[in-house]
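Student: Residue numbers (this note's numbering): 70 to 467.
Think of the CB as a built atom: it goes at the ideal place given N, C-alpha and C, for glycine as much as any other residue.
Keep in mind that this is a model prediction, so the values were computed, not measured.
To start, I am sharing the structure in question, which I have written as structure tokens.
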């Protein structure tokens with residue numbers, strides 16, 4: 070009977086996901102500025118600050134879409150509408166719940182200035198850490214800031230823009246964890262760790278197959294930035310609470326496109342419980358039934374292990390392989406614990422809502438979605454704690 074009930078639940082959920090996704094998660098094209106938003110930050114409320122570190126071209130933008138859509142409310146759009154929509158060239162995304170700040174805006178020099186200094190944007194000497202700290206601190210205190218803009222189109226430093234605090238402040242870029250003062254303001258930290266082999270394969274696909282670049286020029290470009298990446302970017306993953314590691318598949322050594330994705334989740338982080346597979350704290354390797362999760366060659370394998378990462382105890386959830394039908398992911402979701410979903414099938418529904426985004430047919434999209442849900446849960450817990458504390462103060466003063 071239990072098996073029949075579980076099968077019926079799985080089938081009914083798969084059938085309902087498409088209809089639910091088309092309405093509840095339908096993207097809008099409306100791009101809104103802060104003046105048009107009904108900002109959700111209440112008087113006395115302290116925003117939570119999320120930090121995301123990654124190299125350029127590692128999927129930060131896709132990840133931000135997954136995070137902001139998880140909170141609901143108005144869809145994130147460029148501050149002021151963006152260039153061509155009555156606004157300006159901006160890197161900042163806003164909604165009524167979240168503000169996403171690109172840390173490229175804190176570059177010390179513009180593109181021409183870096184030619185004079187001879188330093189790359191990866192070098193920490195090219196970043197205004199004092200100003201970054203002042204702004205993050207002010208936003209966390211509920212204050213408005215005038216943030217600089219780095220114009221990626223023409224490489225200039227443009228007129229600063231007004232940033233108003235929202236319940237969730239996300240800082241993303243090359244150096245969010247370099248400055249200890251900024252790290253102390255961050256409530257939850259994430260790092261996107263793309264292996265060199267995967268980076269090379271992605272760059273070959275984009276620059277060689279789509280843009281006609283030679284393999285030699287691609288290799289030269291990667292090698293030129295590697296010393297600064299190794300020196301200034303990669304060491305930050307030691308400070309992350311949640312690392313999404315993207316590697317080549319272990320299922321077929323000749324396969325250059327299939328990915329193995331690991332979410333490395335630090336234990337003991339306040340208001341965060343790592344997602345697990347089947348049994349919390351156990352060691353699990355699982356090959357899903359091909360009848361319930363169709364997967365092309367070389368197949369599909371998941372695992373859940375307990376490991377140590379930079380001296381910290383971590384729980385690692387891993388997916389190796391690609392799936393053909395996102396709706397069938399609910400089969401995997403049904404065996405996850407601490408997924409932080411509001412209802413059965415929400416993880417799969419969120420994946421379907423961004424079905425055309427990179428990584429939506431493999432572990433990249435799944436781990437990013439689970440991380441987004443963890444951030445939402447962390448916000449809810451901190452908001453509830455703050456509300457309880459405020460109620461106690463009111464009662465004590467009465």
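According to DSSP, which residues form a beta bridge with residue 335?
Tutor: To locate residue 335, count along the chain shown from 1; it is residue 266. Looking at the DSSP assignment, residue 335 forms a beta bridge with 383.
Student: Let me know the secondary structure DSSP gives residue 152 once reduced to three states.
Tutor: Against the chain shown, residue 152 aligns to sequence position 83. Reduced to three states, the DSSP call for residue 152 is coil.
Student: Can you list, in chain order, the residues of its chain whose CB lies under 8 angstroms from that of residue 272, leaving out five sequence neighbours each side?
Tutor: On the chain shown, residue 272 is found 203 positions in, with the first residue counted as 1. Contacts found: 126, 287, 290, 291.
Student: From 147, 221, 462, 427, pick the residue whose C-alpha is nearest to that of residue 175; which is it?
Tutor: The sequence position of residue 175 within the chain shown is 106, counting from 1. When each option's Cα is compared against that of residue 175, the closest is 221.
Student: What's the call for residue 312, buried or exposed, on a 16-neighbour Cβ count within 10 Å?
Tutor: By one-based count along the chain shown, residue 312 stands at place 243. Its Cβ being crowded by 16 or more others within 10 Å, residue 312 is buried.
Student: From this set, 170, 124, 128, which residue's C-alpha is nearest residue 146's C-alpha?
Tutor: Position 77 of the chain shown, counted from the first residue, corresponds to residue 146. The candidate whose alpha carbon is nearest that of residue 146 is 170.
Student: If you drop the 5 nearest sequence neighbours on each side, which residues of the same chain put their C-beta closer than 8 angstroms to that of residue 215?
Tutor: For the purposes of this step, residue 215 is taken as residue 146 along the chain shown, with counting starting at 1. Counting only Cβ-Cβ distances below 8 angstroms, and skipping sequence neighbours, we find 229, 230, 231, 232.
Student: Please report the distance separating the alpha-carbon of residue 95 from that of residue 331.
Tutor: Locating residue 95 in the chain shown gives position 26, counting from the first residue. Locating residue 331 in the chain shown gives position 262, counting from the first residue. Only weak support exists for where residue 95 lies, its pLDDT of 32 falling under 50; the value from the coordinates is given anyway. C-alpha separation (whole angstroms): 29 angstroms.
Student: Give, in chain order, every unbroken run of the beta strand (DSSP E) that is at least 3 residues long and sits entirely within the stretch 399-430.
Tutor: Taking only runs of at least 3 residues, no beta strand (DSSP E) segment lies wholly in the stretch 399-430.
Student: Which same chain residues end up closer than 6 angstroms to residue 207 when comparing Cβ atoms and leaving out the 5 residues on each side of it in sequence?
Tutor: Taking the first residue of the chain shown as position 1, residue 207 is located at position 138. If we look at residue 207 and ignore the five residues flanking it on each side, its Cβ neighbours are 214.
Student: Are there 16 or more other CB atoms within 10 angstroms of the CB of residue 437, so buried, or fewer, so exposed?
Tutor: Locating residue 437 in the chain shown gives position 368, counting from the first residue. The residue is buried, with at least 16 neighbouring Cβ atoms inside 10 Å.
Student: If you draw a straight line from the C-alpha of residue 89 to the C-alpha of residue 297, how long is it?
Tutor: Mapped onto the chain shown, residue 89 falls at position 20. Mapped onto the chain shown, residue 297 falls at position 228. In this prediction, residue 89 has a pLDDT of 41, which is less than 50 and means its spatial position is unreliable; nothing more can be read from the coordinates.
Student: Compute the distance between the beta-carbons of residue 123 and residue 328, then report whether it is under 8 angstroms.
Tutor: Locating residue 123 in the chain shown gives position 54, where the first residue counts as 1. Locating residue 328 in the chain shown gives position 259, where the first residue counts as 1. Taking 8 angstroms as the Cβ cut-off, residue 123 and residue 328 do not qualify as a contacting pair.
Student: Among the candidates 217, 307, 314, 293, whose CA atom is the shortest distance from the CA of residue 435?
Tutor: Counted from its first residue, the chain shown places residue 435 at position 366. Ranking the options by Cα distance to residue 435, first place goes to 314.
Student: If I measure Cβ to Cβ from residue 102 and keep anything under 7 angstroms in the same chain, skipping five residues before and after, which residues do I get?
Tutor: Taking the first residue of the chain shown as position 1, residue 102 is located at position 33. Because the pLDDT at residue 102 is just 46, under 50, the model does not fix this residue reliably, and the point stays unresolved.
Student: Under 8 angstroms, do residue 393 and residue 358 count as touching if we go by C-beta distance?
Tutor: Residue numbering aside, residue 393 sits at position 324 when the chain shown is read from its first letter. Residue numbering aside, residue 358 sits at position 289 when the chain shown is read from its first letter. Not closer than 8 angstroms, so no.
Student: In terms of residues, what are the limits of the alpha helix (DSSP H) holding residue 284?
Tutor: For the purposes of this step, residue 284 is taken as the residue at position 215 of the chain shown. Here the alpha helix (DSSP H) through residue 284 covers 284-297.
Student: Are any of the Cβ atoms in chain C nearer than 8 angstroms to that of residue 201?
Tutor: The displayed structure is made up of one protein chain only, and chain C is not part of it.
Student: Using the Cβ count rule (16 or more neighbours within 10 Å means buried), how would you classify residue 470?
Tutor: What is shown of the chain runs 70 to 467, which leaves residue 470 out entirely.
Student: Decide if residue 186 is buried, meaning its Cβ has at least 16 other Cβ atoms within 10 Å, or exposed.
Tutor: The residue labelled residue 186 in the question sits at position 117 within the chain shown. So residue 186 ends up on the exposed side.
Student: What residue range does the beta strand (DSSP E) around residue 207 cover?
Tutor: Locating residue 207 in the chain shown gives position 138, where the first residue counts as 1. Segment 198-209 is the alpha helix (DSSP H) holding residue 207; no beta strand (DSSP E) there.
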